[in-house]
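First comes the structure, then the notes that go with it.
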Amino acid sequence: AEPLTETPVQFIDTAGAGYDEELEEDTGSRRNVQEAALAVKKVRSLLDAGLSPTQVGLITPYRAQVRQLRELLADVTGMEVDSVDGFQG
Numbered sequence: 014a015e016p017l018t019e020t021p022v023q024f025i026d027t028a029g030a031g032y033d034e035e036l037e038e039d040t041g042s043r044r045n046v047q048e049a050a051l052a053v054k055k056v057r058s059l060l061d062a063g064l065s066p067t068q069v070g071l072i073t074p075y076r077a078q079v080r081q082l083r084e085l086l087a088d089v090t091g092m093e094v095d096s097v098d099g100f101q102g
């Protein structure tokens with residue numbers, strides 16, 4: 014147990030941090046490379062702290078961001094990365 018693993022949900026406000034969204038031309042969906050990198054860093058910290066990938070989930074509003082995160086975390090099996098709609102269903 015440590016502070017990082019004792020909080021069940023973490024929201025990170027990146028407003029004003031200079032993280033710019035990109036629009037996927039073919040789908041119209043959005044992604045943010047800097048936010049994805051930050052999220053991956055947090056996930057890897059959780060895994061290093063002893064959590065199983067099945068105990069971690071990443072939720073994002075955009076399908077393009079889901080694809081970006083899944084690509085960056087391709088080596089992690091068992092963790093859910095999906096859109097808000099994907100987690101609802």
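In this note's numbering, each residue's number is its place in the sequence shown (first place is 1) plus 13.
Cβ coordinates follow ideal geometry from the N, Cα and C atoms, glycine included.
For residue i, the three-state DSSP class (helix, strand or coil)
| i | result |
| --- | --- |
| Gly29 | coil |
| Leu71 | strand |
| Val53 | helix |
| Ser65 | coil |
| Val22 | coil |
| Glu35 | strand |
| Asp98 | helix |
| Glu93 | strand |
Spatially closest choice to residue i from the options, by CA coordinates
| i | options | result |
| --- | --- | --- |
| Asp39 | Gly29, Thr67 and Arg76 | Arg76 |
| Val56 | Glu37, Gln81, Gly31 and Leu71 | Leu71 |
| Asp33 | Ser58, Phe24, Ala50 and Leu60 | Ala50 |
Exposure of residue i, with buried meaning 16 or more beta-carbon neighbours within 10 Å
| i | result |
| --- | --- |
| Gln68 | exposed |
| Ala107 | Look at the range of the chain in this structure, 14 to 102, and you will see that residue 107 is not part of it. |
| Val52 | This sequence places Ala at residue 52; Val is not what is there. Buried, because 16 or more other Cβ atoms sit within 10 Å of the Cβ of Ala52. |
Distance CB(residue i)-CB(residue j) smaller than 8 Å
| i | j | result |
| --- | --- | --- |
| Pro74 | Met92 | no |
| Glu48 | Thr27 | yes |
| Leu17 | Ala87 | no |
| Val79 | Val89 | no |
| Gln81 | Arg44 | yes |
Residue i Cβ short of 7 Å to the ligand SAH heavy atom set
| i | result |
| --- | --- |
| Leu51 | What this structure holds is no ligand at all, so the ligand SAH is not there to describe. |
Whole-angstrom C-beta distance between residue j and residue i, which should lie under 8 Å
| i | j | result |
| --- | --- | --- |
| Glu35 | Val46 | 7 Å |
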